[in-house]
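When you line the sequence shown up against the numbering used here, it's residues 94 to 271, in that order.
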Amino acid sequence: MTDPAFFGYGSLVNLSTHDYAQPTPATLAGWRRVWRATRMRNTAFLSVERCNDTAIKGIIAHVPGGNWALLDKREAAYHRHDVSTDVAHNAPTAVYQVTPDNIIETKTDYPIMLSYLDVVVQGYLQVFGEDGVRHFFDTTSDWQPILNDRADPQYPRHQSLSRAEQDLVDHHLAAVMQ
Numbered sequence: 094m095t096d097p098a099f100f101g102y103g104s105l106v107n108l109s110t111h112d113y114a115q116p117t118p119a120t121l122a123g124w125r126r127v128w129r130a131t132r133m134r135n136t137a138f139l140s141v142e143r144c145n146d147t148a149i150k151g152i153i154a155h156v157p158g159g160n161w162a163l164l165d166k167r168e169a170a171y172h173r174h175d176v177s178t179d180v181a182h183n184a185p186t187a188v189y190q191v192t193p194d195n196i197i198e199t200k201t202d203y204p205i206m207l208s209y210l211d212v213v214v215q216g217y218l219q220v221f222g223e224d225g226v227r228h229f230f231d232t233t234s235d236w237q238p239i240l241n242d243r244a245d246p247q248y249p250r251h252q253s254l255s256r257a258e259q260d261l262v263d264h265h266l267a268a269v270m271q
């Protein structure tokens, strides 16, 4: 039997943030990325929601033995549900989505940590190149104010970015924040 898999669309695309074996680029049809404010913390989470007109790029990786405990702990603000019919893959596949009960409908007090966004964009650059970075920004909505925490990263899985990577993030961010 094939181990189940997860579809990663945010920080899980950055392979430096986990050690799941054999991650593979994939596309999730009928979904888009969204930024969400929640009761879990005072900064925004990246999530997904159904959108028939959109497909998002990400990675698929197997969860050995179906032992979801570590990944569920990492993704504690999210609930996991089956998207096997929305992604071309030979194993049952799940995606993590912010738990709807935790969502707060506000933007002003729940900024996006730049250190979090940096990790996500660095992953897209490494896996998909600059076209993948553009795709990430084009298929993500509900942008919120930015908390520039690069000098003192708050995101627990933050990564070092080169000046070129930071410039790429800043360039695309400037375009979506207009």
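Quick reminder that beta carbons are idealized off the backbone N, C-alpha and C, glycines included.
Every value quoted in this text rests on a predicted model; they were computed, and no experiment measured them.
Residue i versus residue j - alpha carbon distance
i	j	result
arginine 243	leucine 207	6 Å
glutamate 168	asparagine 135	16 Å
serine 109	glutamine 252	8 Å
isoleucine 239	proline 193	23 Å
aspartate 146	asparagine 241	32 Å
glycine 159	phenylalanine 229	28 Å
threonine 232	arginine 126	6 Å
alanine 130	glutamate 198	7 Å
histidine 182	glutamine 115	13 Å
serine 234	alanine 187	21 Å
alanine 148	aspartate 175	16 Å
Among the options, the one whose alpha carbon lies nearest that of residue i
i	options	result
valine 191	Phe138, Ala114, Gly159, Thr178	Phe138
alanine 119	His155, Asp112, Gly159, Leu254	His155
arginine 173	Phe99, Asp146, Arg129	Phe99
isoleucine 152	Val180, Asp202, Pro246	Val180
methionine 270	Ile205, Gly123, Asp112	Ile205
valine 213	Asn107, Val188, Pro97, Gly101	Asn107
alanine 170	Val176, Asn145, Ile196	Ile196
histidine 264	Asp211, Ser177, Asp245, Val220	Asp211
serine 177	Leu266, Asp235, Leu121, Phe221	Leu121
alanine 267	Arg227, Tyr248, Asp245	Arg227
lysine 166	Thr131, Asp175, His111	His111
glutamate 223	Ala257, Met133, Val188, Ala187	Ala257
Where residue i sits in the DSSP three-state scheme
i	result
proline 185	coil
threonine 136	coil
glutamine 215	helix
leucine 121	strand
threonine 232	coil
glutamate 258	helix
tyrosine 171	strand
glycine 151	strand
threonine 278	With the chain covering 94 to 271 only, the question about residue 278 has no answer from this structure.
glycine 103	coil
Beta-carbon gap between residue i and residue j smaller than 8 Å
i	j	result
tyrosine 203	glutamine 237	yes
tryptophan 124	glutamate 142	yes
histidine 97	alanine 184	With the sequence shown as reference, residue 97 is identified as proline, and histidine is not the correct amino acid for it. Cβ atoms of proline 97 and alanine 184: closer than 8 Å.
lysine 150	glycine 101	no
arginine 250	serine 140	no
leucine 254	glutamine 219	no
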